[in-house]
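Peer 1:
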Amino acid sequence: MGMFTEQLQLIETLNPVYNALTSVFDVPDGPDEPDGPLAGVVFSVKANIDVAGAATTHGLKSLTGNVKSSDAPIVARLRAAGATPIGHANMPTLNARGLHTYSELAGHTINPWDATKSPGGSSGGDAVAVATGMVRFGIGNDSGGSLRLPAFLNGVCALKPSYGRYPQGAAFGQPDPSFPTQVMTVEGPLARTVADLRLVHGLLCGADPSDPRTVPVPATGSPVAKIAGFVPGDPVVEEAAKRLADAGYEVEAVTPPRVQEASQLSMRMIATPIALQFDQYVAFVGEELAVYARNLLAVRPGLDIGEFLALTGTRLAIQREWARLLDRYPVLIAPVSTTPSFEREDDRRSPEALAAYFEATEMCEVTSFVGVPAVAVPTGLRDGLPTGVQVISRMYREDLALDAAAVLETPLSPAVSAG
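For the sequence shown, the numbering used here assigns the number 51 to the initial residue and increments by one for each residue that follows.
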């Protein structure tokens, strides 16, 4: 039996049920394992991240011939460590409807805990592939919760790294991403355990000339005092805070700065390119995505040039306030979502429903806006569905968030079915 035979058989059995992977790659299934710390490990890659020899579709039928000749930088680093990309994972078409994983190419990805619920997005295919055991870890991206929300809804772990932490690939339709994407979107891993997140994180760090934003900062920093803040009001967060206190952390309730303002500005910044070219956007994406775009602009309208220029200063001021908070509290425990689950169509049903979605996940949006790292970690079950928290830490101190997340994690496994 080849080294990937068992994994490929599992994917063949489960993927038709959960629709997590849009394509499965031809992989060398011989007896020889590659060298490296991830030798023999298979991983999934979100459909907007390049893998050599595979099509980067962004969920579009029209891009099934968009075959790439080289790996995205982080895929190349994982391959160099011995891991093998085994398939592209489903994502919302063009990442435009980012809160639920449905693409025109592959349809809906299914939540393995409850098929009537959304698996979240936009890295939902990777989260479900990890949760069901099809892959050991997945690689996705996050600009406001797109790694952390599907991790939360599927009972797995995810790491949204600091801005500039890993070298990143380009965006669809242009050689380089627009400014909102540049400053908020980061690529990162999903895995079943915090230990696997830590392993992958160490392999992905380091400067690369392909992305001049990437900082040459070690994966692990100096030891700091075990002091944690937590955002009060959510019983899951408060229980997590008690567990940290039991583990020796000094724990205090805190009110993070300017959360509502920052979360709204983050989504308005993302909405601005859509608003500026709305007619062309609708003509390109079609009515399915146009419904979502209209709802988005109704609740988070795009910025005009004066507002956008003002935002660049406001963002720095908010980053400074967060830096001061995290100087006092090396880690902060917060909700991923204050709503435990979502229906498949909640994000496009009405502007009000979308606004409720954004409000539930505002701690994801503000941390993307500020650029600080965060680890989503499962902490148990509530009414048969996974629950968890995110552990936020200082810039380039993902190790501190991983340390606290390791104290909190409660590994979960859905009862997968072959149909």
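Backbone N, C-alpha and C define an ideal beta-carbon position, used for all residues, glycine too.
Please name the residue in 89, 411 and 457 whose C-alpha comes closest to that of residue 386.
Peer 2: Here the closest residue by C-alpha is 411.
Peer 1: In its own chain, which residues sit with a C-beta less than 6 Å from the C-beta of residue 299, not counting the 5 before and 5 after it?
Peer 2: Closer than 6 Å at the Cβ level, and outside the excluded window around residue 299, lie 276 and 278.
Peer 1: Measure the alpha-carbon distance for residue 434 versus residue 181 and round it to whole angstroms.
Peer 2: 15 Å
Peer 1: Helix, strand or coil for residue 432? Go by DSSP, reduced to three states.
Peer 2: Correct three-state label for residue 432: strand.
Peer 1: Which residues mark the beginning and the end of the beta strand (DSSP E) in which residue 188 is found?
Peer 2: 187-192
Peer 1: Between residue 227 and residue 144, what straight-line distance do the alpha-carbon atoms span, to the nearest angstrom?
Peer 2: 13 Å
Peer 1: Does the beta carbon of residue 372 sit closer than 7 Å to a beta carbon anywhere in chain B?
Peer 2: In summary, chain B is missing from the structure at hand, where a single protein chain is found.
Peer 1: With residue 96 as the anchor, note down where its beta strand (DSSP E) starts and where it stops.
Peer 2: 92-96
Peer 1: Determine, using beta carbons only, whether residue 556 and residue 84 come nearer to each other than 7 Å.
Peer 2: A question about residue 556 goes unanswered here, because the residues of the chain that appear run from 51 up to 469.
Peer 1: With burial defined as no fewer than 16 other Cβ atoms inside 10 Å of the residue's Cβ, what is the status of residue 105: buried or exposed?
Peer 2: buried
Peer 1: Measuring CB atoms only, is the stretch 363-377 touching the stretch 115-132, in the sense that at least three cross pairs come out at less than 8 Å?
Peer 2: no
Peer 1: Indicate whether the contact test is met: 3 or more Cβ pairs, each with one atom in the stretch 422-433 and one in the stretch 202-214, closer than 8 Å.
Peer 2: yes
Peer 1: Between residue 350 and residue 404, what straight-line distance do the alpha-carbon atoms span, to the nearest angstrom?
Peer 2: 10 Å
Peer 1: Report yes if the C-beta distance between residue 70 and residue 165 is below 7 Å; otherwise report no.
Peer 2: no
Peer 1: So, under 8 Å CB-CB, residue 523 and residue 63 are touching, yes? Tell me the CB distance rounded to an integer number of Å.
Peer 2: Since the first and last residues shown for the chain are 51 and 469, residue 523 lies out of range.
Peer 1: Straight-line CA distance for residue 325 to residue 361?
Peer 2: Going from the Cα of residue 325 to the Cα of residue 361 covers about 16 Å.
Peer 1: Please name the residue or residues paired with residue 320 in a DSSP beta bridge.
Peer 2: In DSSP, residue 320 forms no bridge with anything.
Peer 1: Could you give the DSSP three-state label for residue 274: helix, strand or coil?
Peer 2: Look at residue 274 here: in three-state DSSP terms it is coil, with no helix or strand label.
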